[in-house]
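Protein sequences, first through last, are from chains A and B.
Note that our numbering has the first sequence beginning at 2, numbered continuously upward.
Note that our numbering has the second sequence beginning at 2, numbered continuously upward.
Just so it is clear, CB atoms sit at the ideal spot from N, CA and C, and this is done for glycine as well.
Computed from a predicted model, the values in this text were never measured in an experiment.
2 protein chains.
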Amino acid sequence: MKKRVLISDIAKALGISVTTVSFILNDKAKEKRISDALTKRVLDYVNKVGYKPNQLAKSLRTGQTKILGLLVEDIANPFFSNVAKHIERRAYETGYHIIYCSMDNDEHKAKELIQLFMDRQVDGFIITPSEGLEDTISNIKQNNIPLVLFDRFVPSVETNYVVSDNRRGSYEATKHLLEGGNKRIGLISLYSNQTQMRDRLDGYMEAMDEFRVQSFIKKLNLDSSEAESQEQIREFVVDNKLDAVLFATNYLAVDGLKALKQHKTSLPKMVAFDEHTLFKLHDPSITVVSQDIEQLTRELIHTLIAEISGKLKEVRQLTIPCQLIVRESSISS
Amino acid sequence: MKKRVLISDIAKALGISVTTVSFILNDKAKEKRISDALTKRVLDYVNKVGYKPNQLAKSLRTGQTKILGLLVEDIANPFFSNVAKHIERRAYETGYHIIYCSMDNDEHKAKELIQLFMDRQVDGFIITPSEGLEDTISNIKQNNIPLVLFDRFVPSVETNYVVSDNRRGSYEATKHLLEGGNKRIGLISLYSNQTQMRDRLDGYMEAMDEFRVQSFIKKLNLDSSEAESQEQIREFVVDNKLDAVLFATNYLAVDGLKALKQHKTSLPKMVAFDEHTLFKLHDPSITVVSQDIEQLTRELIHTLIAEISGKLKEVRQLTIPCQLIVRESSISS
DNA sequence: TTTTTTTGCTAAATATATTTAGTAGATTGC
DNA sequence: GCAATCTACTAAATATATTTAGCAAAAAAA
């Protein structure tokens, strides 16, 4: 257990002041007119003894923790864990670390966690806001903490966000089903006012209206059990004699598949929102509206870092196109 | 943007010293003989103004960051993202935060990340060690940083670990296939000396030897492309005319399913290690050896917190039983 | 009454950096 | 030749807590 080297040890060893060492280590040698000779001497010595500044002391003084807070709906959902992986990689490349947590659509938990992260003085937030978070989000803004919303946003508060073009994605998916000759097409969604859900509903409606056919909409409770959800999905599909179904999230589609498999109901044509390993392998393979995680996370981190470094002059609100990936489940034989 | 309240503000407002406030806030009022009256007065005031100590200053002074470092193989793998979710929840309950990252079986990246986390002075590590990390793990131990290995361990270094009983899980799975009347049973694994892979091989071997039948073993490279893996799996299964296959990881099984689906090869009987949403829904549904994530993470956090708080008197090495969940894929019709 | 102990609290040191304000000496300007 | 400017640094303040060592007054013991 070797003792940590301090900046004062370096100063003492080289017979110079702590200030000088600090300037050199923070790339202010030129600005502060430290001679090249001394700069080199310090840098060489620092390298030799492998000095690393204490991040805590540094953060305490500068107010920058180089930590970002990532709050997603559920890190165990493959969509979000994929997002988390991309974000993590990009953040590390830029010298930031990520602390994360799942909010599980629990308003109380979310508020507590955001407060906890603020107490920890994260340099910025990435949040997929669940409902009821208007005040909290607004509070973050008021405290001037850099923030980017993700996957959905809060219309009543003007913030940066990066989301997918859910309305268009949903429209294209529905149109695809309509053009396949399906008449009775249902949408399975959630009782949720989150923007992504509203947009997916809107897109579905727009396509249905365009084709002048009746719409069938079933919303499930966020907190209903898997068994309840499955039963409701089955009923909805069977009772309405649906030809095709658009699922508003990947896990709704998974629930749907389970429900229909269990009851040996023959599968209607279907499209799901968001990719899932299952979908490529399922028999039949499942058509999806896929979000461009690569681009979403790139813009996300880019926006957040820009805001942190003060380079962002105005609010940045991006909508990234989705891609309809047609597989077997939506093709009429 | 209201200004932060400092401990000195409180002291000033109440006309007492900073020391006294600090004692009271750190539950040392009794020990330091602060009067009950004053204690209450301070606590009430703190509550009123909503004072929260600056974590950075606190950490700098005490050396405790209340942050744990979680290093997993791949956070996008559903097994690990599930683990991450459980760990996160338990950690927060105990007042700890998690910074995480994926090591992607990249030795260099892993070493860099561990060093980074050490520089950040995490209070403890949770690591699924990839190969070549003996020295780094040993280094963590030498620096007296609390550590629990997970999913696999490093035999050459004596550390805490929590792993599943992979040997037994593999043995049971193989035996189950043997008892189903399958003769030619193959194991698909990885070129890896990690303990969990060795144990899964051992368990397979033990069962095969017990039944006195020839074993078929195929190992894939960690870094081979999906296409390569798939081709090799297909060849292995077809060339050896296998009746059944045991896959040593969930993603190998997924690759296998993709490979066999693409080439319309009829599916042999199969069992996979680790659960995956896909497996319940696949047709046929896939039999798995399931790890008890609930118990694994409970023991994990419990052990780590015990070590951090100095309550752990000796190294703790736990092996948790797996469960064989029999589904359609392994049952002989 | 004097000494000892206890009570209830505080001043100053500490953790480890960054940053502001300033200084001594050398050089330049006029 | 003397003021003004520049060069190359540094002392001290700062960020915000925790912790050690110690002090004055009150109570108890002698």
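Using the C-alpha atoms, what's the distance from Asp284 of chain B back to Ser330 of chain B?
Using only the alpha carbons, I get a separation of about 8 angstroms.
Unbroken alpha helix (DSSP H) run spanning Ala228 of chain A, endpoints
227-240 is the extent of the alpha helix (DSSP H) around Ala228 of chain A.
Does Met2 of chain A pass the burial test, meaning 16 or more other C-beta atoms within 10 Å, or should it be called exposed?
Caution applies to Met2 of chain A, whose pLDDT of 49 falls short of 50 and renders its modelled position unreliable; the model cannot decide the point.
Proximity of His177 of chain B and Leu325 of chain B at Cβ, strictly below 9 angstroms
Cβ atoms of His177 of chain B and Leu325 of chain B: closer than 9 angstroms.
Val214 of chain A, DSSP secondary structure in three states
Val214 of chain A: coil per DSSP, three-state reduction.
Can you tell which of A:Lys270, A:Ile76, A:Phe154 has the C-alpha that lies nearest to the C-alpha of Leu243 of chain A?
It is A:Lys270 whose Cα lies nearest to the Cα of Leu243 of chain A.
Report the three-state DSSP secondary structure of Thr21 of chain B (helix, strand or coil).
Under the three-state reduction of DSSP output, Thr21 of chain B falls in the helix class.
What first and last residue would you give for the beta strand (DSSP E) that runs through Ser165 of chain B?
Note, Ser165 of chain B: beta strand (DSSP E), 161-165.
List the whole-angstrom C-beta distance separating Pro147 of chain B from Leu305 of chain B, where the pair is believed to meet the contact cut-off of C-beta under 8 angstroms.
The C-beta distance from Pro147 of chain B to Leu305 of chain B rounds to 6 angstroms, short enough to meet the 8 angstroms contact threshold.
Counting only the same chain and skipping the five closest in sequence on each side, list residues whose C-beta sits under 6 angstroms from that of Ser230 of chain B.
Same-chain partners within the cutoff: Leu221, Asp256.
Is Thr304 of chain A helix, strand or coil when you go by DSSP?
In the structure shown, Thr304 of chain A sits in a helix (DSSP, three-state: H, G or I).
Whole alpha helix (DSSP H) runs in the region 80-140 of chain A with 4 or more residues, listed along the chain?
Scanning the region 80-140 of chain A from its first residue to its last, the whole alpha helix (DSSP H) runs of 4-plus residues come out as 108-120.
CB contact below 9 angstroms: Met2 of chain A versus chain B:
Low local confidence applies: a pLDDT of 49 at Met2 of chain A is under 50, so the model's placement there is unreliable, with the coordinate-based value given in what follows. For Met2 of chain A, the answer is yes, since a Cβ of chain B falls inside 9 angstroms of its Cβ.
Quick check: the region 32-48 of chain A against the region 272-283 of chain A, are at least 3 beta-carbon pairs closer than 8 angstroms?
By the Cβ rule, the region 272-283 of chain A does not count as touching the region 32-48 of chain A, because fewer than three pairs are nearer than 8 angstroms.
Between Ile321 of chain A and Asp203 of chain A, is the Cβ-Cβ spacing less than 9 angstroms?
No, the pair does not count as a contact, with Cβ atoms beyond the cut-off.
Contained beta strand (DSSP E) runs [length at least 3] in the region 36-82 of chain B, N- to C-terminal order:
The DSSP assignment places complete beta strand (DSSP E) segments of no fewer than 3 residues inside the region 36-82 of chain B at 68-73, in order along the chain.
Looking at the strands, I want to know which residues DSSP matches up with Gln318 of chain A.
DSSP output for Gln318 of chain A lists A:Tyr162 as bridge partner(s).
Would a C-beta distance cut-off of 9 angstroms place Arg328 of chain A and Ile294 of chain A closer than the cut-off?
Remark: C-beta atoms of Arg328 of chain A and Ile294 of chain A do not approach each other more closely than 9 angstroms.
I need the straight-line Cα distance from Ser9 of chain A to Arg121 of chain B, nearest angstrom please.
Taking the straight line joining both Cα atoms gives about 19 angstroms.
Assigned secondary structure, Lys33 of chain B (DSSP; H/G/I helix, E/B strand, else coil)
In this structure, Lys33 of chain B counts as coil in the three-state DSSP scheme.
Euclidean distance between Cα positions of Ile186 of chain B and Asn106 of chain B:
One C-alpha to the other measures close to 28 angstroms.
Beta bridge counterpart(s) of Ile189 of chain B as assigned by DSSP
Note: Ile189 of chain B sits in a beta bridge opposite B:Lys219, B:Phe248.
For the candidate residues B:Pro54, B:Arg62, B:Val22, B:Asn55, whose alpha-carbon lies nearest to that of Leu44 of chain B?
Answer by Cα proximity: B:Val22.
Using DSSP bridges, identify the partner residues of Thr278 of chain A.
None; Thr278 of chain A has no bridge partner.
Alpha carbon to alpha carbon, how far is Met198 of chain B from Arg169 of chain B? Give it in angstroms, no decimals.
When rounded, the distance between both Cα atoms is 12 angstroms.
Straight-line gap, Ala228 of chain B to Ser267 of chain B (C-alpha atoms, nearest Å):
C-alpha separation (whole angstroms): 19 angstroms.
Nearest to Asn194 of chain A by alpha carbon, out of A:Ile234, A:Glu132, A:Met209, A:Asp240?
With distances taken between Cα atoms, Asn194 of chain A lies closest to A:Glu132.
Under 9 angstroms, Cβ to Cβ, is there at least one residue of chain A near His277 of chain B?
Chain A, which has a Cβ nearer than 9 angstroms to the Cβ of His277 of chain B, makes this yes.
Any beta-carbon of chain A closer than 9 angstroms to the one on Glu329 of chain B?
Among the residues facing chain A, Glu329 of chain B is not included, as its CB has no counterpart in that chain under 9 angstroms away.
Backbone CA spacing between Val19 of chain B and Tyr252 of chain B [nearest angstrom]
So the two alpha carbons sit approximately 57 angstroms from each other.
Provide the residue(s) that pair with Ser331 of chain A in DSSP beta bridges, ordered along the chain.
Per DSSP, Ser331 of chain A has no beta-bridge partner at all.
Coarse secondary structure for Gln324 of chain A, derived from DSSP in three states:
Note: Gln324 of chain A maps to strand in three-state DSSP.
What residues in the region 101-112 of chain B have a beta carbon less than 7 angstroms from any beta carbon of chain A?
Within the region 101-112 of chain B, contact with chain A at the beta-carbon level (separation under 7 angstroms) is assigned to Tyr101, Cys102, Ser103.
Would Arg235 of chain A pass as an interface residue toward chain B - the criterion being a Cβ-Cβ separation below 9 angstroms?
By this cut-off, Arg235 of chain A is not an interface position.
Limits of the unbroken beta strand (DSSP E) element including Ser291 of chain A:
Ser291 of chain A: member of the beta strand (DSSP E) spanning 288-291, first to last residue.
For Ala85 of chain B, which residues in chain A fall below 7 angstroms Cβ to Cβ?
Within 7 angstroms of the CB of Ala85 of chain B, the CB atoms of chain A belong to Ile76, in sequence order along the chain.
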